[in-house]
Amino acid sequence: MAESLLQTKLHIPVTRGQLVVRPRLLAQLAGGLTGRLTLLSAPAGFGKTTLVAAWARGLKAQAGPALAWLSLDEADNELGRFCRYLCAALAQVDASLELDVPPTLAPTSSQPLLTALLNLLAAYGHDLILALDDYHLVDNPAVHDCLLFLLAHAPANFHLLLLSRADPPFSLARLRGSGQVTEIRQQDLRFIAAESEQFLNQLMQLGLPAAAVNDLSERTEGWVAGLQMAAISLQGHDDPAGFIAGFSGSHRYIFDYLAEEVLARRPAGSRDFLLHTAILDRLSAPLCAALLGHADSDEAARTLAQLEAANLFLVPLDEERRWYRYHQLFANLLRQHLRREQPERVAGLHQVASEWFARAGFRDEAIEHALAGELFAEA
């Protein structure tokens, strides 16, 4: 079995020598082991894989629980392949966990296999963590059902860790209700000021003053990949303050990363929604519906909920999820794409936004959009 599998998918990714120490997140990961599931759900570039890989190596050095690793890809949507890799990942920890998986596996025949696997895990007795990286690439309901079965019947020594750019498409309500889920999300993973300073000045050795570190941290909103790309550009730069002042989503590294890793992966309908609402500093379902020409805001509300679940750099502004905003670097990217691809739409979108805000009693925002759309009479 092992010879036909790509072994690098089963290896914990190698982290570079120096990393930002993140004790608050390591404590969350350790605390999560009291439950059945830890979910790390955040957009691309927030350091999910790096964090867990570093934690896993720390566990090994401290003779802590064993961690089995599986890096997923689109091909793992085939149920038999997924189960073969899952079993192979566990067998990397201990040969007693090895289990033969049939060449073809139907959803109806997967339960006996999973039952045998759970029995092996229970007999193994030692604490064991299974980390599944890039779970957002899985969209086969049969694979989701496998995980739900494992979670529902897992022995106390087994813990599942999911790393994903989007929330898994199955309900976690029961596990949440019983306190069995630890969730680490975008707001947890973003660098706080001290972590930004450690990364920029200690690891990247930029020697930036505190004000510059804070400015760059605010512009990136603690987005790890954004800080890294800014730091690379700042190395040897003659005018660090000027660079930071102009740093935005139109910077070539940021633009390419977000365009390739985020925007290009969205279906056409979702992409149009993102582009047409990019002119807004804050979004609500009724406002988005107006921009898209929809009489009913229900569809816009569903799209916003889907974008939030997919971690599309969308930040809720209230607990009721009435208002949102885009991460400012992502908003810059979207606006640039809109101006490049549909320049004729920009003024009209601002006009619709201005009229909507005026009707809703938000005078300042109505004027801002009128001016942005060069509707000087309305302003």
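Going by my numbering, the sequence shown opens with residue -4, and the numbers climb by one from there.
Just so it is clear, CB atoms sit at the ideal spot from N, CA and C, and this is done for glycine as well.
May I have the straight-line CA-CA distance separating Leu275 from Ser159, to the nearest angstrom? For the purposes of this step, residue 275 is taken as the residue at position 280 of the sequence shown. For the purposes of this step, residue 159 is taken as the residue at position 164 of the sequence shown. The alpha-carbon atoms of Leu275 and Ser159 are separated by roughly 27 angstroms.
Spell out a yes or no on whether the stretch 141 to 148 and the stretch 103 to 117 are touching, meaning 3 or more CB-CB pairs, one atom from each, closer than 8 angstroms. yes
Please classify Leu312 as buried or exposed, where buried requires at least 16 other C-beta atoms within 10 Å of its C-beta. The sequence position of residue 312 within the sequence shown is 317, counting from 1. Per the 10 Å Cβ criterion, exposed.
Taking the alpha-carbon positions, what's the Glu69 to Arg261 distance? One-based indexing of the sequence shown puts residue 69 at position 74. One-based indexing of the sequence shown puts residue 261 at position 266. Whole-angstrom Cα-Cα distance: 15 angstroms.
Beta-carbon proximity of Cys283 to Leu299, cut-off 8 angstroms: Within the sequence shown, residue 283 is the residue found at index 288, counting from 1. Within the sequence shown, residue 299 is the residue found at index 304, counting from 1. Yes; because the gap between Cβ atoms is below 8 angstroms, this pair is in contact.
Quick check: the Cα distance between Gln57 and Phe165, rounded to an integer number of angstroms? Looking up residue 57 in the sequence shown gives position 62. Looking up residue 165 in the sequence shown gives position 170. Using only the alpha carbons, I get a separation of about 34 angstroms.
Closest residue to Asn72 among Ala48, Asp122, His139, Gly174 (Cα-Cα distance): Walking along the sequence shown from the start, residue 72 turns up at place 77. Nearest C-alpha to Asn72: His139.
What runs of the alpha helix (DSSP H), each 4 residues or longer, lie entirely inside the stretch 195 to 254? 205 to 215, 219 to 229, 235 to 240
So Ile362 is in the alpha helix (DSSP H); what residue range does that whole segment cover? For the purposes of this step, residue 362 is taken as the residue at position 367 of the sequence shown. First-last of the alpha helix (DSSP H) with Ile362: 358 to 367.
Spatial neighbours of Pro102 within its chain, please: CB distance less than 8 angstroms, with the 5 preceding and 5 following residues excluded, ordered by chain position. Within the sequence shown, numbered from 1, the residue matching residue 102 stands at position 107. The residues are Leu74, Ala137, Asp140.
Please report how far the alpha carbon of Asp122 lies from the alpha carbon of Ala48, in whole angstroms. Residue mapping note: residue 122 aligns to position 127 of the sequence shown, counting from 1. Residue mapping note: residue 48 aligns to position 53 of the sequence shown, counting from 1. Rounded to whole angstroms, Asp122 to Ala48 spans 18 angstroms at the Cα level.
Flag this pair as yes or no: are the beta carbons of Leu278 and Trp318 separated by less than 8 angstroms? Position 283 of the sequence shown, counted from the first residue, corresponds to residue 278. Position 323 of the sequence shown, counted from the first residue, corresponds to residue 318. The answer is yes: Cβ separation under 8 angstroms.
6 angstroms CB neighbourhood of Leu24 in its chain, flanking five on each side removed: The residue labelled residue 24 in the question sits at position 29 within the sequence shown. So the qualifying residues of the chain are Trp50.
CB-CB under 8 angstroms to Asp134, same chain, minus the five flanking residues each way: which ones, in chain order? Residue numbering aside, residue 134 sits at position 139 when the sequence shown is read from its first letter. Only Asn72, Pro164 meet the Cβ criterion.
Rounded to the nearest angstrom, what separates Leu54 and Asn114 at their Cα positions? Position 59 of the sequence shown, counting from 1, holds the residue named residue 54. Position 119 of the sequence shown, counting from 1, holds the residue named residue 114. Roughly 25 angstroms separates the two Cα atoms.
From His131, Glu192, Tyr252, residue whose alpha carbon lies closest to that of Ala37: For the purposes of this step, residue 37 is taken as residue 42 along the sequence shown, with counting starting at 1. For the residues His131, Glu192, Tyr252, the minimum Cα distance to Ala37 belongs to His131.
For Ser66, which option in Asp251, Leu156, Leu20 has the closest C-alpha, if you only look at C-alpha atoms? Here residue 66 corresponds to residue number 71 of the sequence shown, with the count starting at 1. Comparing Cα positions, the closest option is Leu156.
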